[in-house]
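Asks:
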Amino acid sequence: MAQLIADRRDIDFVLYEQLDVEQILKCKQYKDLNKKMFDMIITEARNFAIKELLPTYKPGDREGAKFDNGKVTVPECFHRAYKLFCEGEWIAMREIAEFGGQGLPDAIAQAALEYLAGANFPFALYPIAGHGTAKMIEIFGTPEQKETFAKKLYSGEWGGTMVLTEPQAGSDLGALSTSAVKNPDGTYSIVGNKIFISNAEHNLTSNIIHPVLARVEGAPKGTKGISIFIVPKYWVNEDGSLGELNDVVCTGIEEKMGIHGSCTCSLAFGSKGKCRGILLGEENIGMKVMFHMMNEARLAVGFQGVVFGSNAYLYALAYAKQRLQGKELERAKDEDAPQVPIIKHPDIRRMLLTMKSYVEGMRSFVYFVSLCFDKVKCAENTEDKEYYSGLIELFTPVIKAYCSDKGFDVCNIAMLIHGGYGYTKEFPIEQIVRDCKIASIYEGTNGIQAMDLLARKIGMKRGVVFMNFINEINKTINLANSFEGLKGLADKLDIASKRLQDTAMHIGLTAMSPNFKTAFLFAYPFLHATGDVIMAWMLLWRASVAYPKLEKIVGEKNQSDIIAKDNSAAFYDGQIKSAEFFINCLLPEAFGKMDGIKTNNDAALRIHDNSFGI
């Protein structure tokens, strides 16, 4: 079962061979750490995930979260897992010791999370949400708020949420109507209704801390007038003990397609006029504060696509190797020919290599961005800090949207490889498909991510950040060109990169013209074209690292014979084959998307509402 969460060999390759993560040990912040410690932490995360979390995945789905008279109970098997998760200090892996953290680099924490979240993502949503709440308070809270709330959130003693959405507003946060009125004691009375709030009521923790978006009386309209408040389920006394129950009522939970173990709640604040909250930061900067949490959540959601895609690929690969069906094509008419494992069939091999390419490319992409966070922390000058911060901002909507979409596509392919069995509850794929789908919807639908990329990100610093991204691609192209066998792939990525630059310029100018709506028609295809080029970049980078190592193993010998017997040779050969397949067979799809963008066809704008159908 271990291999069906994540591929440790591939994780190590990305961390130590592709990204050379050990370079950050030179940073003062990480000077007391070493590779041996990193390996031990990832191994322990893997062991814990296999032993304690993976066995709760299916039962948690079958039992689900239950709602009764304002109370929510989580699947019974989650309680032991959560207790052990907190005892292992997995929530605060990245945080400093002051907050009970381990002070790990983001890239290493990401590797550990691939196991912890990959084993049971619906369960992992509880501690992930608490971490986001704590981080927001750590950054924007007063010393008293940090002392009162952050430490207990990071330890997992208390849970956290993110309370944004309202029935009439949806993703249009500027239309929210939840109100806040300042009281004489400095607290605020909160009144309003929120929906689609993950983990907003449950019996895993003694208290739940809600960061709530609301509008103070007299505040400007729209997002400029939004503030954010810390609203605990139980009021916290000055000595840190729990006081009276706050006026926060769970009015129901959603019956969802997937992630059944994670409750999605509706909340009523102040229905009895007694809900109190504490201002976080200053009035009217709620969106600035919340975006810190939202960006963390969006990266986590994109990572959700990666971990589910990894699970699905490994299950499909194992199934394809042992499922006997059909004969070798060259012996199709031979009645005496034996059945063969379906991995021998060309179409299955195409699907497997498609899955492999996306999973590997997405893993490298997410880990690269995690390393950018580390480089921001380690930056010794403003220029370096802004360089890597810019890449993080640019890539956040792409990770969220592209990885959640492609992760789901990988899960669907896994179901196809399983055939009819994949559609049954006997095999894990049907649950994986259901649980993965939400990733393209919550934390801002993927269409919204595309609009963010177009409207806010590609033009950052007058296009300098986007060109920094292109320069990163060029580094890989130059590296690949040093190997004769990769020059053809490097040339194709170079062409795609230049086409992407041209397309970004085109859609960016269109967005600033009177025809700006036409640009937004193509924001989603543009995001996916960008993601395709990033996948090609990541896979060529991998191939460039693997190529000389494979040559060293194989030398002048018969490459096929060595690969059949030597696991290291097979692994490195797999990296080259992934890049070759993706760049030749899947990257051309990006050219079609970019061709479509360049047409500026606005039929979708010109069609009459009734012409869609009556």
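Using my numbering, the first residue of the sequence shown is number 8, and each one after it goes up by one. Ideal Cβ placement from N, Cα and C applies to all residues, glycine included.
Per DSSP, serine 234 forms a beta bridge with which residues?
Replies: DSSP links serine 234 through a beta bridge to Ala221.
Asks: So within the stretch 509-536, which uninterrupted alpha helix (DSSP H) runs reach at least 4 residues, ignoring any that extend past its ends?
Replies: 523-528
Asks: What number of angstroms, rounded off, separates the C-alpha of asparagine 478 from the C-alpha of alanine 550?
Replies: Cα to Cα, asparagine 478 sits roughly 18 Å from alanine 550.
Asks: Are the stretch 266-281 and the stretch 249-257 touching by the rule of at least three beta carbon pairs closer than 8 Å?
Replies: The stretch 266-281, when compared against the stretch 249-257, does touch it at the 8 Å Cβ threshold.
Asks: Between Tyr133, Ala52 and Pro112, which has its C-alpha nearest threonine 80's C-alpha?
Replies: Tyr133
Asks: Run the CB neighbour count on methionine 264, radius 10 Å, all protein chains shown included, and call it buried at 16 or more, exposed below.
Replies: exposed
Asks: Determine, using beta-carbon pairs with one atom in the stretch 421-428 and one in the stretch 140-151, whether at least three such pairs fall under 8 Å.
Replies: no
Asks: Does tyrosine 23 come out as helix, strand or coil in the three-state DSSP assignment?
Replies: Helix.
Asks: Closest to proline 345 by C-alpha separation, out of His352, Ile355, Leu331 and Arg356, would be which residue?
Replies: Leu331
Asks: Taking three-plus beta-carbon pairs below 8 Å as touching, is the stretch 378-392 in contact with the stretch 561-569?
Replies: no
Asks: Quick check: the stretch 522-539 against the stretch 478-488, are at least 3 beta-carbon pairs closer than 8 Å?
Replies: With the cut-off at 8 Å, the stretch 478-488 and the stretch 522-539 do not touch.
Asks: Per the DSSP calculation, lysine 201 is bridged to which residue(s)?
Replies: Beta-bridge pairing by DSSP links lysine 201 to Leu274.
Asks: My assumption, with CB atoms under 8 Å, is that isoleucine 570 sits in contact with alanine 576. Please give the rounded CB distance.
Replies: 5 Å
Asks: With H, G and I counted as helix, E and B as strand and the rest as coil, what does DSSP make of aspartate 501?
Replies: helix
Asks: Compare the beta carbon distance of leucine 507 and alanine 543 with 7 Å and say whether it is the shorter of the two.
Replies: no
Asks: In angstroms with no decimal places, state the Cα-to-Cα distance between lysine 281 and valine 238.
Replies: 12 Å
Asks: Just the Cα atoms here: how many angstroms apart are arginine 53 and aspartate 46?
Replies: 10 Å
Asks: Leaving out five residues on either side along the sequence, give the residues of the same chain with a beta carbon under 6 Å from the beta carbon of isoleucine 202.
Replies: Counting only Cβ-Cβ distances below 6 Å, and skipping sequence neighbours, we find Thr172, Pro174 and Ser273.
Asks: For a quick check, are the C-beta atoms of aspartate 317 and alanine 586 less than 7 Å apart?
Replies: According to the sequence shown, residue 317 is serine rather than aspartate. Taking 7 Å as the Cβ cut-off, serine 317 and alanine 586 do not qualify as a contacting pair.
Asks: When you compare each of His299, Ile439, Met300 and Ile514 to threonine 537 by their alpha carbons, which one comes out closest?
Replies: Nearest option by C-alpha distance: Ile514.
Asks: Tell me whether glutamate 367 is buried or exposed, calling it buried when 16 or more other Cβ atoms sit within 10 Å of its Cβ.
Replies: buried
Asks: Between the stretch 125-145 and the stretch 185-198, do at least 3 Cβ pairs fall closer than 8 Å?
Replies: no
Asks: Would you report the Cα separation of lysine 444 and aspartate 192, rounded to the nearest angstrom?
Replies: 45 Å
Asks: Which one of Leu547, Leu249, Asn574 and Lys340 has the shortest CA to CA distance from lysine 482?
Replies: Leu547
Asks: Leaving out the 5 sequence neighbours to the left and right, which residues in its chain are closer than 8 Å to lysine 295 when beta-carbon positions are compared?
Replies: Cβ within range, chain order: Gly288.
Asks: Which first and last residues belong to the alpha helix (DSSP H) in which arginine 305 is found?
Replies: 293-329
Asks: Tell me whether the stretch 355-370 and the stretch 301-318 touch, counting them as touching only if at least three CB pairs, one residue from each stretch, are closer than 8 Å.
Replies: yes
Asks: Compare the C-alpha of threonine 404 against each of Met301, Leu516, Thr271 and Ile18 and name the closest.
Replies: Per the sequence shown, residue 404 should be read as proline rather than threonine. Closest by alpha carbon: Met301.
Asks: From what residue to what residue does the alpha helix (DSSP H) around aspartate 75 run?
Replies: Counting along the chain, aspartate 75 falls outside any alpha helix (DSSP H), though it belongs to the beta strand (DSSP E) covering 73-75.
Asks: Along the chain, where does the alpha helix (DSSP H) containing alanine 114 start, and where does it finish?
Replies: 113-126
Asks: In three-state DSSP terms, what is arginine 101?
Replies: Reduced to three states, the DSSP call for arginine 101 is coil.
Asks: Could you pull the start and end residues of the beta strand (DSSP E) that tyrosine 241 belongs to?
Replies: 241-243
Asks: Hey, lysine 351 and glutamate 337 are a contact pair by Cβ (cut 8 Å); roughly how many whole angstroms apart?
Replies: The pair is not a contact, with the Cβ atoms about 10 Å apart (cut-off 8 Å).
Asks: Would you say cysteine 410 and isoleucine 439 are within 7 Å of each other, going by their C-beta atoms?
Replies: no
Asks: With the cut-off set at 7 Å, would you say tyrosine 89 and leucine 211 are in Cβ contact?
Replies: In this structure, the beta-carbon distance from tyrosine 89 to leucine 211 falls below 7 Å.
Asks: With 16 as the cutoff for other CB atoms within 10 Å, does glutamate 145 come out buried or exposed?
Replies: That one is buried.
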